[in-house]
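Number of protein chains: 2
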Amino acid sequence: MDAVKVIEIKKSVYESNDREADRLREELRSKGIFLLNLMSSPGSGKTTTLKATINRMKYTHNIGVMEADIDSDVDAIAIAKETGVKSIQLHTGGMCHLDAGMTRQGLDELIDGKVDFAILENVGNLVCPAEFDTGATKNAMILSVPEGDDKPLKYPLMFSICDVVLINKIDVMPYFDFDLEKCKENIKLRNPQAKVIPICAKTGEGVDEFVKWLEEEIRINKG
Amino acid sequence: MDAVKVIEIKKSVYESNDREADRLREELRSKGIFLLNLMSSPGSGKTTTLKATINRMKYTHNIGVMEADIDSDVDAIAIAKETGVKSIQLHTGGMCHLDAGMTRQGLDELIDGKVDFAILENVGNLVCPAEFDTGATKNAMILSVPEGDDKPLKYPLMFSICDVVLINKIDVMPYFDFDLEKCKENIKLRNPQAKVIPICAKTGEGVDEFVKWLEEEIRINKG
Chain U
451 MDAVKVIEIK KSVYESNDRE ADRLREELRS KGIFLLNLMS SPGSGKTTTL KATINRMKYT
511 HNIGVMEADI DSDVDAIAIA KETGVKSIQL HTGGMCHLDA GMTRQGLDEL IDGKVDFAIL
571 ENVGNLVCPA EFDTGATKNA MILSVPEGDD KPLKYPLMFS ICDVVLINKI DVMPYFDFDL
631 EKCKENIKLR NPQAKVIPIC AKTGEGVDEF VKWLEEEIRI NKG
Chain W
451 MDAVKVIEIK KSVYESNDRE ADRLREELRS KGIFLLNLMS SPGSGKTTTL KATINRMKYT
511 HNIGVMEADI DSDVDAIAIA KETGVKSIQL HTGGMCHLDA GMTRQGLDEL IDGKVDFAIL
571 ENVGNLVCPA EFDTGATKNA MILSVPEGDD KPLKYPLMFS ICDVVLINKI DVMPYFDFDL
631 EKCKENIKLR NPQAKVIPIC AKTGEGVDEF VKWLEEEIRI NKG
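Sequences listed follow chains U and W, in order. Each residue of the first sequence is one higher than the one before, counting from 451 in this note's numbering. Each residue of the second sequence is one higher than the one before, counting from 451 in this note's numbering.
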């Protein structure tokens, strides 16, 4: 299986993204659908983290994944191949983020009456995706160890809007100047409420804690 | 020394960024000034690469550095402290890139009749900075090993506009699934002309080759 559906996303027509995002979030909630928006820099391990997470949750949830990229469909293919869940590729046509209207275009293809846990892997970018509410139930981000513990100081908005921050690639910590405690302090400066979970998506370390957090949030969303 | 000048950059007033960029590039050339625009994802090692490069070139050039970030001044302080060259911090006020007008605002503070090699460390972002010509003489980018060898497929524009691609953090190659030859092929797909230099900014490996490339480009710019 080498083919996944590729959607060419168009610019949104909505005047107020915030209003459209709130509307989408409420619509999803009323249908019992949880939407996770996962953001990070390029190469922080979004797809690997999703594969590890989905393989732990796919037996108890109907999962669907939207992989947003400017180009290529390698991530959607990887998700489909290695987890077996429904996966589509969203092409943003050069755009550096997704807003609520664009997310809706993807959901229209993804939601088929079965999917109750939808995941959006946003474009790899620590700046712009933070500025646009996608309508997701919860926002998650990954900061990987090689990027450095100072990133919350340099990219404040991204850290301030995320409900959970995964610190990935902790297996390579010995090879980098990365101070986990300092990083947690820097995150706290930007967002005292954020849940911080150190993980290694490749070995699976810490992923169970992320799954536990997700299960609880899904339960709350169902009300 | 813990204080560096911080410039709050304003939105540009120019209608055509491309025209303004060409004008700035020509102005700099006529004054014998070489401007390097260095781009990458957050945490790829731009500042560490600059420190290693500047410490090799500062005795033969008058170097000035502009550190662009949404917030914080840690990079400008690091450059000033560890190289001794003139360094200023540009705050973009949330903006995800610099255009030619914004670059000019920084240069107005940086250029003092002495600086003949100006460096712009752009905002950490593989998407938006590629869309705006800053007026730089040459564009350089860093892709670090932990980000993965597939990045040229996902962020085509950035790779296509750069004159040189530094592949950084090659010292940790054994701990990541990174195929250097495949990466070079992926870069070639996007930009057959790009010079590719594997480096380790931390140990200095490969930095001499980057310096050699810069020296030649500076020579050509002087005409």
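A virtual CB, placed ideally from N, CA and C, is assigned to each residue, including glycine.
{"Query": "Supposed contact pair I457 (chain W) and I538 (chain W) - C-beta distance, whole angstroms, cut 8 angstroms", "Result": "6 angstroms"}
{"Query": "Distance, R469 (chain U) Cα to D613 (chain W) Cα", "Result": "42 angstroms"}
{"Query": "Contact set between G656 (chain W) and chain U, taken where Cβ atoms lie within less than 8 angstroms", "Result": "Correct list: empty, because the minimum Cβ distance to chain U is about 18 angstroms."}
{"Query": "Inter-stretch contact (C-beta, 8 angstroms, three-pair minimum) for the stretch 515 to 527 of chain U and the stretch 658 to 671 of chain U", "Result": "no"}
{"Query": "Whole-Å CB distance - V657 (chain W) paired with T503 (chain W), under 8 angstroms assumed", "Result": "6 angstroms"}
{"Query": "Whole alpha helix (DSSP H) elements within the stretch 492 to 552 of chain U, 4-residue minimum", "Result": "496 to 507, 524 to 533"}
{"Query": "S610 (chain W) vs R640 (chain W) beta-carbon contact at 8 angstroms", "Result": "yes"}
{"Query": "C-beta neighbour in chain U for I520 (chain W), strict 8 angstroms", "Result": "yes"}
{"Query": "Beta bridge counterpart(s) of S490 (chain U) as assigned by DSSP", "Result": "U:I592"}
{"Query": "Extent of the continuous alpha helix (DSSP H) to which A471 (chain W) belongs", "Result": "467 to 480"}
{"Query": "N-terminal and C-terminal residue of the alpha helix (DSSP H) that P602 (chain U) is part of", "Result": "601 to 604"}
{"Query": "CA-to-CA distance, R554 (chain U) to K461 (chain U), given in whole angstroms", "Result": "12 angstroms"}
{"Query": "Interface positions of the stretch 551 to 565 of chain U facing chain W (Cβ-Cβ less than 7 angstroms), listed along the chain", "Result": "none"}
{"Query": "Nearest-angstrom Cβ-Cβ length linking L486 (chain W) and T587 (chain W), presumed shorter than 8 angstroms", "Result": "7 angstroms"}
{"Query": "Three-state secondary structure assigned by DSSP to N618 (chain U)", "Result": "strand"}
{"Query": "Residue environment, T653 (chain W), which counts as buried when at least 16 other CB atoms sit within 10 Å", "Result": "exposed"}
{"Query": "Bridge-paired residues (DSSP) for L607 (chain W)", "Result": "Note: L607 (chain W) sits in no beta bridge, so no partner."}
{"Query": "Helix, strand or coil at A568 (chain W) [DSSP, three-state]", "Result": "strand"}
{"Query": "DSSP state of F660 (chain W) mapped onto helix, strand, coil", "Result": "helix"}
{"Query": "Endpoints, the alpha helix (DSSP H) within which E635 (chain W) is located", "Result": "630 to 640"}
{"Query": "Contacting residues, own chain, Cβ-Cβ under 8 angstroms from V758 (chain U) (five flanking each side not counted)", "Result": "Since the displayed chain U opens at 451 and closes at 673, residue 758 (chain U) lies outside it and no answer follows."}
{"Query": "Short CB-CB distance (under 8 angstroms) between C650 (chain W) and chain U", "Result": "no"}
{"Query": "7 angstroms Cβ cut-off: residues of chain U touching G543 (chain W)", "Result": "Chain U residues near G543 (chain W): none, gap ~11 angstroms exceeds 7 angstroms."}
{"Query": "Contact under 8 angstroms by Cβ, K601 (chain U) with P492 (chain W)", "Result": "yes"}
{"Query": "Classification of D627 (chain U) by the beta-carbon crowding that lies within 10 angstroms, buried from 16 upward", "Result": "exposed"}
{"Query": "Interfacial residues, the stretch 589 to 604 of chain U to chain W, with Cβ spacing under 9 angstroms", "Result": "L593, S594, V595, P596, E597, G598, D600, K601, L603, K604"}
{"Query": "For I647 (chain U), the three-state DSSP class (helix, strand or coil)", "Result": "strand"}
{"Query": "Chain U within 8 angstroms of L576 (chain W), Cβ atoms only", "Result": "yes"}
{"Query": "Short Cβ contact (8 angstroms threshold) for D599 (chain U) with N575 (chain U)", "Result": "no"}
{"Query": "DSSP three-state assignment for L557 (chain U), whether helix, strand or coil", "Result": "helix"}
{"Query": "Cutoff 8 angstroms: D468 (chain W) Cβ touching any chain U Cβ", "Result": "no"}
{"Query": "Where the stretch 493 to 526 of chain W meets chain U: residues whose CB sits under 7 angstroms from a CB there", "Result": "G493, D519, I520, D521, S522, V524"}
{"Query": "Chain U residues whose Cβ lies nearer than 8 angstroms to that of L607 (chain W)", "Result": "I520, G544"}
{"Query": "Assigned exposure category for Y676 (chain W) - 16 Cβ within 10 Å defines buried", "Result": "In this structure chain W extends from 451 to 673, so residue 676 (chain W) is not present and cannot be described."}
{"Query": "Cα-Cα separation, V646 (chain U) to G534 (chain W)", "Result": "37 angstroms"}
{"Query": "Reference R473 (chain W); option with closest CA among W:T584, W:N618, W:K638", "Result": "W:T584"}
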